[in-house]
Amino acid sequence: MPALPDTERCRQCARWTRRALDDDDATLEIASADASFRSYYRVHSGGRSLIVMDAPPGQEDITPWLDIGRRLRAAGLHTPEVLADDAGQGFVLMSDLGNTHYLDVLADDNVDALYGEAMETLLRMQTGVDPQGLPPYDEPFLVREMELMPTWFLERHLSLTPDCGQWDVLELAFRHLVVSALAQPRVFVHRDFHSRNLLVTPDRSPGIIDFQGALVGPLTYDLASLLRDCYIVWDREHVEAWTEQCRLQWRQAGHLDADVDAARFRRWFDLIGLQRHIKVLGIFCRLHYRDGKDGYLHDLPRVLDYVLDVAGRYPELHDFCELLRRAVGDRDVAQARVGAAT
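At position 88 of the sequence shown (counting the first as 1) the number is 94 in the numbering used here, and the numbers step up by one without a gap.
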């Protein structure tokens, strides 16, 4: 791993970490960065490997991360143990769950086992984590997320400013997705339960990270995040089999009413996944054009394929699907808009 950048913020992080460990010889190296302003460094101290999170105040607030982490650990789930934290400076020192993400190892010969563990974890998370006081994943929140798509994907990335008729199509599609989302049972929702945020660990696998955005929302949201992952694709037959497996497990556990049949559950799953991927089209473009994080455009074609595939199966979303197809045309959406500054 590369060494820390030579910046005052990184030096501040190193000083804080060494004081927290009472170890002037502790060394730090880059572990990872994510789609926010947070950075993560791996710390080596006295033969131990730890992680320090750097969440710059004014850009990130570590309080939700600390709160959700406590809730997950109280439910017996595998998340990092906090060794020290400083909300004023934006640092958290925690245990190291390793660096083997699901995405690193998923393959045809292990996917059933890994997803089986993840779905069992998801059930325990939804039934065991205390959601009291968490913000609701409500209609304004759902719509606000989807409106990132016309702003950043259509307008900024594709140079299409929707006219009144096109806005009518977008808003009608968004309405269908909101109605479906609000019809689902409300549970604890991680909101980023996918292959980059699940770690293969020697015991109690998977380890769960990046949970600070949790809300109380639709039952199938995290399942769609897992099975229709923005970073890896499985064929429709397997996804639908896993979805049905999960429905049956949840029903047997008393987590889902017996009258929720396979068709209804699949519609919930499809449409909340579509809501998520519409949002992600906007977020990935915003990460590129606003935040200078170029790698996310590489994943846009996969996300767009999800959107067009799912929307194309539902007659009420036909016009929305056609609007997107015409907007994209023969454009390679993985390529940045020519002349657009980051």
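From the three backbone atoms N, C-alpha and C, an ideal C-beta is built for every residue, glycine too. Because the structure is a prediction, the values reported are computed rather than measured.
Problem - Integer-rounded CB distance, given that residue 54 should sit under 8 Å from residue 158 - result: Not quite, the Cβ-Cβ distance comes to about 42 Å (not below 8 Å), so this is no contact.
Practice task
Decide yes or no for the touch test of the stretch 62-78 against the stretch 91-99: beta carbon pairs closer than 8 Å, at least 3 of them.
Solution key: yes
Handout entry: Uninterrupted alpha helix (DSSP H) stretches inside the stretch 163-228 (no shorter than 4 residues)
Key = 170-189
Problem - Cα-Cα separation, residue 311 to residue 327 - result: 11 Å
Practice task
Label residue 209 either buried or exposed according to how many other C-beta atoms from any shown protein chain fall within 10 Å of its C-beta, with 16 as the threshold for buried.
Solution key: exposed
Handout entry: Element boundaries [alpha helix (DSSP H), containing residue 329]
Key = 324-334
Handout entry: Chain-order list of residues whose beta-carbon lies under 8 Å from that of residue 86 (same chain, five-residue window excluded)
Key = 57, 75, 100, 101, 102, 103, 213 and 215
Handout entry: Extent of the continuous beta strand (DSSP E) to which residue 60 belongs
Key = 54-60
Practice task
Work out the CA separation of residue 33 and residue 288 for me, nearest whole Å.
Solution key: 38 Å
Handout entry: Minimum C-alpha distance to residue 31 - residue among 14, 44, 52 and 279
Key = 52
Problem - Which residues DSSP lists as bridging residue 97, in chain order - result: 60 and 92
Problem - Start and end residues, alpha helix (DSSP H) containing residue 24 - result: 14-27
Exercise for the section: Take residue 195 as the anchor and find which of 167, 338, 264 and 144 has the nearest alpha-carbon. Expected result: 144
Practice task
Inspect the beta-carbon positions of residue 225 and residue 193 and report whether they are closer than 8 Å.
Solution key: yes
Handout entry: Counted within 10 angstroms of its Cβ, other Cβ atoms place residue 258 as buried (16 or more) or exposed
Key = exposed
Handout entry: Among 19, 231, 248 and 84, nearest to residue 61 - alpha-carbon criterion
Key = 19
Problem - Local conformation of residue 348 per DSSP, three classes - result: Any reading at residue 348 is ruled out, since the residue's pLDDT is 48, under 50, leaving its predicted position unreliable.
Practice task
Would you list the residues sitting across from residue 49 in a DSSP beta bridge?
Solution key: 34 and 56
Practice task
Return yes when the Cβ of residue 84 is within less than 8 Å of the Cβ of residue 207, no when it is not.
Solution key: yes
Exercise for the section: Less than 8 Å between the CB atoms is what I'm expecting for residue 221 and residue 140, so what's the real figure, rounded? Expected result: 6 Å
Handout entry: Selection from 331, 342, 340 and 325 that minimises the alpha carbon distance to residue 182
Key = 325
Handout entry: For residue 321, the three-state DSSP class (helix, strand or coil)
Key = helix
Practice task
Put residue 146 into one of helix, strand or coil per three-state DSSP.
Solution key: helix
Handout entry: Residues of its chain near residue 125, where Cβ-Cβ distance is below 6 Å and the 5 sequence neighbours each way are ignored
Key = 252
Problem - Which of helix, strand or coil DSSP assigns to residue 84 - result: coil
Handout entry: Same chain, Cβ closer than 8 Å to residue 334, five either side skipped, listed in chain order
Key = 164 and 310
Practice task
Would you please state the rounded distance, in angstroms, between the beta carbons of residue 81 and residue 131? I believe it to be under 8 Å.
Solution key: 7 Å
Exercise for the section: Could you round the C-beta distance between residue 77 and residue 135 to whole angstroms and report it? I think they count as a contact, below 8 Å. Expected result: 5 Å
Handout entry: Contained alpha helix (DSSP H) runs [length at least 4] in the stretch 230-270, N- to C-terminal order
Key = 242-258
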